[in-house]
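*Asks:* Take a look at the following structure, please.
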Amino acid sequence: TSVAPCDFVVFGGTGDLAVRKLLPALYLRDRDGQLTPETRVVAAARAGLDDAGYRDKIRGEIPRFVPADQIDDAALDRFIARLSYVEVDFAHEDGWPDLTHLLEPRPDVVRVFYLACSPQLFGPVSARLAEHGLVTEASRVVLEKPIGHDLDSAREVNDAVGAVFDEYQIFRIDHYLGKESVQNLLVTRFANTFLEPLWNNACIDHVQITVAESLGVGTRGGYYDASGALRDMVQNHLLQLLCLVAMEPPTYVDRETVRDEKLKVLQALRPMTQQDVGRLTVAGQYGPGLAEGSAVPSYQQEVEHPDSRTETFVAIKAEVQNWRWAGVPFYLRTGKRMDRRCSEIVIEFKPVPHPMFPGSDGTSEPNRLVIQLQPDEGMRLHMTAKEPGPGGIRLRPVSLNLNYEQTFQRRSPDAYERLLMDVVRGNPTLFMRRDEVEAAWAWVEPILINWAQAEHGPRRYPAGTSGPTAATTLIERDGRAWYEGS
Ligand code: BG6
Numbered sequence: 005t006s007v008a009p010c011d012f013v014v015f016g017g018t019g020d021l022a023v024r025k026l027l028p029a030l031y032l033r034d035r036d037g038q039l040t041p042e043t044r045v046v047a048a049a050r051a052g053l054d055d056a057g058y059r060d061k062i063r064g065e066i067p068r069f070v071p072a073d074q075i076d077d078a079a080l081d082r083f084i085a086r087l088s089y090v091e092v093d094f095a096h097e098d099g100w101p102d103l104t105h106l107l108e109p110r111p112d113v114v115r116v117f118y119l120a121c122s123p124q125l126f127g128p129v130s131a132r133l134a135e136h137g138l139v140t141e142a143s144r145v146v147l148e149k150p151i152g153h154d155l156d157s158a159r160e161v162n163d164a165v166g167a168v169f170d171e172y173q174i175f176r177i178d179h180y181l182g183k184e185s186v187q188n189l190l191v192t193r194f195a196n197t198f199l200e201p202l203w204n205n206a207c208i209d210h211v212q213i214t215v216a217e218s219l220g221v222g223t224r225g226g227y228y229d230a231s232g233a234l235r236d237m238v239q240n241h242l243l244q245l246l247c248l249v250a251m252e253p254p255t256y257v258d259r260e261t262v263r264d265e266k267l268k269v270l271q272a273l274r275p276m277t278q279q280d281v282g283r284l285t286v287a288g289q290y291g292p293g294l295a296e297g298s299a300v301p302s303y304q305q306e307v308e309h310p311d312s313r314t315e316t317f318v319a320i321k322a323e324v325q326n327w328r329w330a331g332v333p334f335y336l337r338t339g340k341r342m343d344r345r346c347s348e349i350v351i352e353f354k355p356v357p358h359p360m361f362p363g364s365d366g367t368s369e370p371n372r373l374v375i376q377l378q379p380d381e382g383m384r385l386h387m388t389a390k391e392p393g394p395g396g397i398r399l400r401p402v403s404l405n406l407n408y409e410q411t412f413q414r415r416s417p418d419a420y421e422r423l424l425m426d427v428v429r430g431n432p433t434l435f436m437r438r439d440e441v442e443a444a445w446a447w448v449e450p451i452l453i454n455w456a457q458a459e460h461g462p463r464r465y466p467a468g469t470s471g472p473t474a475a476t477t478l479i480e481r482d483g484r485a486w487y488e489g490s
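As structure tokens, this is what we get:
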């Protein structure tokens with residue numbers, strides 16, 4: 005069903021995010037009939053284009069980012085006709101009257117202001133929107149991560165945007181929450197009876213959350229070098245995943261209840277002391293190496309910053325200090341230029357209390373629930389079975405497999421498709437509330453500070469590997485190992 009008529013304004017409409025993610029997602033929702041005929045998409049940017057130039061550009065780009073079998077020429081024409089372009093200087097006066105002129109005649113439609121630009125501009129753009137009378141009750145603002153670069157700056161951004169928009173109008177996007185497999189994590193936990201009784205420190209030994217990418221930083225070096233993996237991935241995506249694994253069941257699924265429960269998890273994370281940062285965290289940076297068989301340069305060469313200390317890899321042992329999770333470590337790791345692209349959550353269960361089968365000494369593979377987010381979405385339950393044969397009982401690890409694509413025989417929409425429609429609908433359940441973002445910053449801040457003050461920069465790892473050896477030591481010290489697939 006279609007969503008309300010809308011003026012969807014993208015600040016940074018010619019940028020990487022708009023071109024690779026936002027416009028393809030809007031096109032696909034339009035193709036499937038979710039945008040009403042009146043809906044318009046307005047790019048605000050400083051690229052020296054006009055409507056025709058912008059339409060040409062996007063017509064050329066969409067087929068690069070949407071699979072060929074999803075392109076329908078008539079739908080693409082219809083989508084392109086919705087686009088317009090306004091040259092706007094975000095922080096100054098130029099162009100704002102043009103934008104106002106475009107939006108003003110339609111005060112009743114939903115207005116989405118998508119700020120796909122640097123967080124330093126979130127405040128100034130919001131202020132300009134207010135000054136020009138563009139903020140209506142049916143307006144929403146979408147903030148891309150990162151919100152600030154530490155706790156104080158996040159608060160400043162939130163204050164500045166909050167001076168113009170009410171919290172219900174502010175959508176802080178974390179696209180991981182829009183991934184099908186991430187939403188399914190909630191359903192798996194709370195729409196089935198068999199898991200929840202086991203989902204605690206009595207049965208779970210530990211949790212691993214891995215988001216490994218095989219790509220390097222590519223063209224985003226300028227942004228990335230000032231951020232690093234802790235700000236780019238851990239503060240948001242990995243902590244959000246941790247929240248969904250660890251949260252208590254909300255009474256029902258609703259915008260506030262889910263976010264209330266996630267907030268409690270963030271608040272229960274054991275704060276890192278200086279000593280903890282040394283013991284429980286690892287920062288890494290890739291050197292030259294091999295990616296898919298070809299030689300690739302080091303991070304420092306890639307960003308042309310020969311003594312950059314920015315981390316491209318992070319491993320952390322975290323702890324959720326509450327009744328359910330006391331004593332259960334959460335091992336987090338993420339990195340660029342790793343040996344493979346693989347994002348997964350591994351729930352590793354404790355061994356059986358007593359190894360009763362002859363020859364089984366408790367060293368058999370543990371039960372694991374592996375929730376695979378990327379590249380293929382699915383879930384595997386690793387268990388132990390009897391190997392068939394007459395020669396006594398021999399134990400064998402086996403797995404129950406759920407592959408979404410095979411099971412449902414349909415395309416999983418991209419995270420942005422779901423989230424952008426939620427913005428238009430005004431449903432913030434899958435977006436981060438102010439207090440969540442700030443709690444996440446409060447937890448990562450001591451790590452940022454201690455790394456910045458450390459004598460040594462991040463540990464090197466060759467591109468195309470599983471990260472620095474210190475990350476292996478981090479978990480092996482506890483008598484455990486990173487799960488590298490079976
Ligand atoms: C973004 C980060 O938020 O997520 C990128 O800024 C990262 O550095 C990307 O590559 C990963 O997203 P996905 O959906 O490809 O796992």
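Counted from 1, the sequence shown has number 225 at position 221 by full-length UniProt numbering; the numbering is strictly sequential. Every residue, glycine too, gets a C-beta built ideally from N, C-alpha and C. Model, not experiment: these values are computed from the prediction.
1. Which runs of the beta strand (DSSP E) fall wholly inside the segment 451-488 and span at least 3 residues, in chain order?
2. How far does the alpha helix (DSSP H) with Arg82 in it reach, from first residue to last?
3. Just the C-alpha distance for Arg414 and Arg263, rounded to the nearest angstrom, thanks.
4. Across the segment 66-78 and the segment 452-461, are there enough close Cβ pairs to call them in contact, namely three or more that are closer than 8 Å?
5. Please classify Cys121: does DSSP put it in a helix, a strand, or coil?
6. Helix or strand or just coil, what does DSSP make of Leu138?
7. Would you identify the three-state DSSP class for Ile351, choosing helix, strand or coil?
8. Just to confirm the assignment, what range does the beta strand (DSSP E) spanning Tyr335 have?
9. How big is the Cα-Cα spacing for Glu488 and Gly297?
10. The ligand BG6 and Ser347: does the residue's C-beta get closer than 7 Å to at least one heavy atom of that ligand?
11. Can you grab the Cα-Cα spacing for the pair Gly331 / Glu323, in whole Å?
12. Per DSSP, what kind of secondary structure is Cys207 in: helix, strand or coil?
13. Taking Ile84 as the reference, which of Val46, Trp100, Asp112 has the closest Cα?
14. Flag this pair as yes or no: are the beta carbons of Glu315 and Gly288 separated by less than 8 Å?
15. Indicate whether the contact test is met: 3 or more Cβ pairs, each with one atom in the segment 128-138 and one in the segment 212-229, closer than 8 Å.
16. Which residues in the same chain as residue 557 place their Cβ atom closer than 8 Å to its Cβ, once the five residues preceding and following it in sequence are excluded?
17. Please report the straight-line C-alpha distance between Cys10 and His309, rounded to a whole angstrom.
18. Between the C-alpha atoms of Pro362 and Leu199, what's the straight-line distance to the nearest angstrom?
19. Using 10 angstroms around the beta-carbon of Trp327, count the other beta-carbons present and answer buried if the total reaches 16, otherwise exposed.
20. Looking only at its own chain, which residues have a Cβ that is under 7 Å from the Cβ of Glu348, when we skip the five neighbours before and after it?
21. Using C-beta distances below 8 Å, list every residue in its chain close to Asn371, excluding the 5 sequence neighbours before and after it, in chain order.
22. Quick one, which of Thr18, Gly16, Tyr31 has its alpha-carbon nearest Arg422's?
23. Would you mind working out which of Gln124, Ile397, Tyr303, Ser88 sits nearest Tyr465, comparing C-alpha positions?
24. Please list, in chain order, all residues of the same chain as Asp102 whose beta carbon is under 8 Å from its beta carbon, the five residues on each side excluded.
25. Let me check you understand the geometry: is the CB of Met342 closer than 7 Å to at least one non-hydrogen atom of the ligand BG6?
26. Quick check on Phe126: does DSSP put it in helix, strand or coil?
27. Find the nearest neighbour of Asn205 within the set Tyr180, Phe194, Gln239, Ala250, judged by alpha-carbon distance.
28. Quick one: is the Cβ of Gln376 within less than 7 Å of any heavy atom of the ligand BG6?
29. Reducing DSSP to helix, strand and coil, say where Gln271 ends up.
30. If you draw a straight line from the alpha carbon of Arg235 to that of Leu155, how long is it in whole angstroms?
31. Could you check if Lys268 belongs to the surroundings of the ligand BG6, using beta carbon to heavy atom distance under 7 Å?
32. Tell me which residue opens and which closes the alpha helix (DSSP H) that Met383 is part of.
33. In or out: Ile397 buried (at least 16 other Cβ within 10 Å) or exposed?
34. Return the bridge partner residues of Asp11 from the DSSP annotation.
35. Measure how close the beta-carbons of Gly152 and Val145 come, nearest whole angstrom, since I'm counting them as under 8 Å.
36. Enumerate, from N- to C-terminal direction, the unbroken alpha helix (DSSP H) stretches of 4 or more residues contained entirely within the segment 232-312.
*Replies:* According to the data block:
1. Entirely contained in the segment 451-488, the beta strand (DSSP E) runs reaching 3 residues are, in chain order, 463-466.
2. 77-85
3. If you take the alpha carbons of Arg414 and Arg263, they lie about 29 Å apart.
4. When Cβ pairs closer than 8 Å are counted between the two stretches, the segment 66-78 is seen not to touch the segment 452-461, the count staying below three.
5. coil
6. coil
7. strand
8. Counting along the chain, the beta strand (DSSP E) containing Tyr335 begins and ends at 333-339.
9. 20 Å
10. The answer is yes for Ser347.
11. 7 Å
12. coil
13. Val46
14. yes
15. Flag = no, the segment 128-138 and the segment 212-229 do not touch.
16. With the chain covering only 5 through 490, there is no way to say anything about residue 557.
17. 43 Å
18. Cα to Cα, the separation comes out at about 29 Å.
19. exposed
20. Thr214, Val374, Ile375, Gln376, Leu377
21. Glu352, Phe353, Leu385, His386, Met387, Thr388
22. Tyr31
23. It is Tyr303 whose Cα lies nearest to the Cα of Tyr465.
24. Val90, Glu91, Val92
25. no
26. Phe126 falls in the helix class under three-state DSSP.
27. Ala250
28. No, Cβ of Gln376 sits at least 7 Å from all heavy atoms of the ligand BG6.
29. helix
30. 11 Å
31. no
32. That residue, Met383, is in no alpha helix (DSSP H); its beta strand (DSSP E) goes 382-390.
33. exposed
34. Partner(s): Arg44, Arg115.
35. Contact flag wrong, Cβ pair sits at about 15 Å.
36. With a minimum length of 4 residues, the continuous alpha helix (DSSP H) runs that stay inside the segment 232-312 are 243-250, 259-272, 278-284, 303-306.
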